[in-house]
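Residue numbers (this note's numbering), protein chains in the order written: chain A, 1 to 264; chain B, 265 to 528.
There are 2 protein chains.
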Amino acid sequence: MDNRSIGMFDSGVGGLTVLKEVKKELPQENIIYLGDTKRFPYGSKSKESIIQLTQKGMDFLISQDVKAIVIACGTATSQALEEMQKRYRIPIMGIIDSTVQYIKKKENLRKVGVIATAGTIRSNGWEKKLKKEIPEIEVKSKACPLLAPMAEEGWISNEVAKLTIKEYLKDMKNVDALILGCTHYPLFEPLIKEELGDTVEIIHTGKLVSKQLKEMLLEQKEEGESFSANTQIYLTDRETNFIQVASRMLENTEIEKQIKEIQI
Amino acid sequence: MDNRSIGMFDSGVGGLTVLKEVKKELPQENIIYLGDTKRFPYGSKSKESIIQLTQKGMDFLISQDVKAIVIACGTATSQALEEMQKRYRIPIMGIIDSTVQYIKKKENLRKVGVIATAGTIRSNGWEKKLKKEIPEIEVKSKACPLLAPMAEEGWISNEVAKLTIKEYLKDMKNVDALILGCTHYPLFEPLIKEELGDTVEIIHTGKLVSKQLKEMLLEQKEEGESFSANTQIYLTDRETNFIQVASRMLENTEIEKQIKEIQI
Numbered sequence: 001m002d003n004r005s006i007g008m009f010d011s012g013v014g015g016l017t018v019l020k021e022v023k024k025e026l027p028q029e030n031i032i033y034l035g036d037t038k039r040f041p042y043g044s045k046s047k048e049s050i051i052q053l054t055q056k057g058m059d060f061l062i063s064q065d066v067k068a069i070v071i072a073c074g075t076a077t078s079q080a081l082e083e084m085q086k087r088y089r090i091p092i093m094g095i096i097d098s099t100v101q102y103i104k105k106k107e108n109l110r111k112v113g114v115i116a117t118a119g120t121i122r123s124n125g126w127e128k129k130l131k132k133e134i135p136e137i138e139v140k141s142k143a144c145p146l147l148a149p150m151a152e153e154g155w156i157s158n159e160v161a162k163l164t165i166k167e168y169l170k171d172m173k174n175v176d177a178l179i180l181g182c183t184h185y186p187l188f189e190p191l192i193k194e195e196l197g198d199t200v201e202i203i204h205t206g207k208l209v210s211k212q213l214k215e216m217l218l219e220q221k222e223e224g225e226s227f228s229a230n231t232q233i234y235l236t237d238r239e240t241n242f243i244q245v246a247s248r249m250l251e252n253t254e255i256e257k258q259i260k261e262i263q264i
Numbered sequence: 265m266d267n268r269s270i271g272m273f274d275s276g277v278g279g280l281t282v283l284k285e286v287k288k289e290l291p292q293e294n295i296i297y298l299g300d301t302k303r304f305p306y307g308s309k310s311k312e313s314i315i316q317l318t319q320k321g322m323d324f325l326i327s328q329d330v331k332a333i334v335i336a337c338g339t340a341t342s343q344a345l346e347e348m349q350k351r352y353r354i355p356i357m358g359i360i361d362s363t364v365q366y367i368k369k370k371e372n373l374r375k376v377g378v379i380a381t382a383g384t385i386r387s388n389g390w391e392k393k394l395k396k397e398i399p400e401i402e403v404k405s406k407a408c409p410l411l412a413p414m415a416e417e418g419w420i421s422n423e424v425a426k427l428t429i430k431e432y433l434k435d436m437k438n439v440d441a442l443i444l445g446c447t448h449y450p451l452f453e454p455l456i457k458e459e460l461g462d463t464v465e466i467i468h469t470g471k472l473v474s475k476q477l478k479e480m481l482l483e484q485k486e487e488g489e490s491f492s493a494n495t496q497i498y499l500t501d502r503e504t505n506f507i508q509v510a511s512r513m514l515e516n517t518e519i520e521k522q523i524k525e526i527q528i
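As structure tokens, then:
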């Protein structure tokens, strides 16, 4: 048993879709979530910038004595995870590996689409990992730089969101599965399903990384058993519409009280 | 005569709409443009963050021996201009004052709309300045956080842009004038005109600040007379789609050669 917290890191509010899954899978764990809202969005930044910013995030979470870290951000996973795993001894996981393993096991998924931010798609991280594990796989990638800002605006079901999804997914009609490669995108799941129909499996990376995290904690006998597990949220800039979007996403109107601002 | 450069500062590519006007108004001036693309967008950040980032920009431009600085960014003008003017001796102008003076002179403009980023609207900077100079004015403000990212994506005339403009401007039908309070927004001018019709005057702040800059340089006898005036562009992060958007905006496919990356 180990009641130290799990650390989670994202550029903003998107990682909360992962937080939600981690809380479902591991209800007795304390969680410290850090959203780097001062520098959101990461999607348009260079690899060097993202490594630098992710490192600041890791340093903060480690200073809070967490037992493991989930990088709940597609861009930071694809651009900075490897570098972070080299630098730090603490277990750090991103949203790619567990998804790749899941697809590898499901033999009916050999033509997959990936949608993500510009930075993630440019890095080619998803395609490289998928092809390394599953050489015969066919991957279609598409950068969707407007979706994360649109989610932060709360436009997740209006006509603009619908048309934007339609435009971004127009070449994804005949894939077996679509990976939501940015943690903001599960917010658009109903629209994406409407656009692609029932034949395309929508892959929500947060669900898969939560299971991976649970397995790791059980294996290392580090699972928490807090009777009333606590979630603390730190933001690098409090004056964003994080609170509004987060309240809706987590169906928790009290969330404001859990939020602190930090300077890193 | 003074052939030192004019410094220009923006969070990204939007300030180029101002640069274009400055070059038209003052073709014999050398210009150094700094786009803080590593931290784009400013619109969702707090006042403190914006002051800190704008100061870094001012320090860099001053280190390049500029004779005056234009903050060609609506958010940085509304959140950080006053503070910068207090700190530095060099003339620094933003995009608000010249626009307020223009409206004050035109007595038929007494009901005006302002569209800008979330940060600018939250600061209430436009409304305060307008009401201070023109007490009887009526101001309608609207935050449009998706427009700057949409411009950076190059979606300035498609159906998504059209619907987004329609949604954001739905309460602006009966104003006398609409101020484009973010320097990205002139890219949407055709759509905005289509939506609001000919009766609403669209106010492009870049044109007005260029005239103010020209007057100041003439007054202080500091105008440049470079035979082949030079524009240098510095970015804090080169790997964005700045080059693509900038080439189209400035109708200059050679722009890539003028761009350098700096670490500040």
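Positions of the beta carbon are idealized from the N, C-alpha and C atoms, including for glycine. Remember, it's a predicted structure, so these values are computed and weren't measured experimentally.
Got a sec, what are the start and stop residues for the beta strand (DSSP E) Leu411/B sits in? As a working mapping, residue 411/B is identified with position 147 in the second sequence. It is not in any beta strand (DSSP E) - Leu411/B instead sits in the alpha helix (DSSP H) that spans Leu411 to Glu417.
On the three-state DSSP scale, how would you describe Val378/B? Indexing the second sequence from 1 puts residue 378/B at position 114. Three-state DSSP puts Val378/B in a strand.
Give me the chain B residues within the contact set of Lys38/A, using Cβ-Cβ distance strictly less than 7 angstroms, ordered along the chain. The residue you call residue 38/A lines up with position 38 of the first sequence. Within chain B, the residues near Lys38/A are Lys309 and Ser313.
Could you tell me which whole beta strand (DSSP E) segments of length 3 or greater appear in the stretch 13-52 of chain A? 31-35
Please classify Ile528/B as buried or exposed, where buried requires at least 16 other C-beta atoms within 10 Å of its C-beta. What you label residue 528/B is simply residue 264 of the second sequence in a count that begins at 1. The residue in question, Ile528/B, is exposed, as its Cβ has fewer than 16 Cβ neighbours within 10 Å.
Taking Lys375/B as the reference, which of Ile385/B, Gly383/B, Val364/B and Thr381/B has the closest Cα? In the second sequence, residue 375/B corresponds to position 111, counting from 1. The candidate whose alpha carbon is nearest that of Lys375/B is Val364/B.
Would a check of beta-carbon distances place Asp361/B closer than 7 angstroms to chain A? Along the second sequence, read from residue 1 onward, the residue named residue 361/B stands at position 97. No - not a single Cβ of chain A is within 7 angstroms of the one on Asp361/B.
Compile a chain-ordered list of the residues in the stretch 430-446 of chain B whose CB is closer than 7 angstroms to at least one CB of chain A. Glu431
Taking Cβ positions, are Ser342/B and Asp237/A nearer each other than 7 angstroms? Here residue 342/B corresponds to residue number 78 of the second sequence, with the count starting at 1. Here residue 237/A corresponds to residue number 237 of the first sequence, with the count starting at 1. No; because the gap between Cβ atoms is not below 7 angstroms, this pair is not in contact.
For chain B, find out if any of its Cβ atoms is closer than 7 angstroms to the Cβ of Val209/A; answer yes or no. If you number the first sequence from 1, residue 209/A lands on position 209. With 7 angstroms as the cut-off, Val209/A does not count as an interface residue toward chain B.
Below 8 angstroms, can you find three or more Cβ-Cβ pairs linking the stretch 79-98 of chain A to the stretch 40-57 of chain A? yes
How about Asp274/B: is its C-beta nearer than 7 angstroms to some C-beta of chain A? Looking up residue 274/B in the second sequence gives position 10. Closer than 7 angstroms: no.
Let's test the definition: count the other Cβ atoms within 10 Å of the Cβ of Glu489/B and tell me whether it reaches 16, buried, or not, exposed. Here the question's residue 489/B lines up with position 225 in the second sequence. Exposed, by the Cβ-count rule.
Integer Cβ distance of Gly14/A from Ala161/A, believed to fall under 8 angstroms: In the first sequence, counting from the first residue as 1, residue 14/A sits at position 14. In the first sequence, counting from the first residue as 1, residue 161/A sits at position 161. About 15 angstroms; that fails the 8 angstroms criterion.
C-beta neighbour in chain B for Thr75/A, strict 7 angstroms: The sequence position of residue 75/A within the first sequence is 75, counting from 1. Not an interface residue.
Enumerated in chain order, which unbroken segments of the beta strand (DSSP E) with a length of 3 residues or greater are wholly contained in the stretch 199-248 of chain A? 201-204 and 231-235
CA nearest to the CA of Glu194/A, picked from Gly181/A, Met172/A, Leu208/A and His184/A: Within the first sequence, residue 194/A is the residue found at index 194, counting from 1. Selected option, being the one with the closest Cα: Met172/A.
Identified DSSP bridge partners for Ile519/B: Working through the second sequence from its first residue, we reach residue 519/B at position 255. Looking at the DSSP assignment, Ile519/B forms no beta bridge with any residue, so it has no partner.
Note down, in chain order, each residue of its chain lying with its Cβ closer than 8 angstroms to the Cβ of Leu250/A, except the 5 sequence neighbours on either side. The residue you call residue 250/A lines up with position 250 of the first sequence. Same-chain partners within the cutoff: Leu16, Leu19 and Lys20.
Can a CB atom of chain A be found closer than 7 angstroms to the CB of Thr384/B? Stepping through the second sequence from its first residue, residue 384/B is reached at position 120. Thr384/B does not count as touching chain A.
Report the neighbours of Val160/A on chain D: residues whose CB is nearer than 7 angstroms to its CB, in chain order. Looking for chain D here will not work: the only protein chains present are A and B.
Taking Cβ-Cβ distances below 8 angstroms as the criterion, which residues of the stretch 394-418 of chain B are in contact with chain A? Pro409, Leu410, Pro413, Met414, Glu416 and Glu417
Of the residues Ser63/A, Gln28/A and Leu26/A, which one's Cα is nearest the Cα of Leu34/A? Here residue 34/A is taken as the residue at index 34 of the first sequence, counted from 1. The shortest Cα separation from Leu34/A among Ser63/A, Gln28/A and Leu26/A belongs to Ser63/A.
Just the chain B side, please: which residues come within less than 9 angstroms of Asp237/A by C-beta, in chain order? For the purposes of this step, residue 237/A is taken as residue 237 along the first sequence, with counting starting at 1. Result: Ser308, Lys309, Ser310, Glu312 and Ser313.
Which whole-angstrom value is the C-beta distance of Val66/A and Arg4/A, which I expect to be below 8 angstroms? Position 66 of the first sequence, counted from the start, is the residue given in the question as residue 66/A. Position 4 of the first sequence, counted from the start, is the residue given in the question as residue 4/A. Beta-carbon to beta-carbon, Val66/A and Arg4/A are separated by about 6 angstroms, close enough to satisfy the 8 angstroms threshold.
Verify whether the separation of the beta carbon atoms of Ile31/A and Thr231/A is less than 7 angstroms. Along the first sequence, one-based indexing puts residue 31/A at 31. Along the first sequence, one-based indexing puts residue 231/A at 231. Contact: yes.
Environment of Leu477/B [buried if 16+ CB atoms lie within 10 Å]: Here residue 477/B refers to the residue found at position 213 of the second sequence. The residue is buried, with at least 16 neighbouring Cβ atoms inside 10 Å.
Let me check one thing: in DSSP terms, what residues is Ser141/A bridge-paired to? Mapped onto the first sequence, residue 141/A falls at position 141. Val114/A, per the DSSP bridge assignment.
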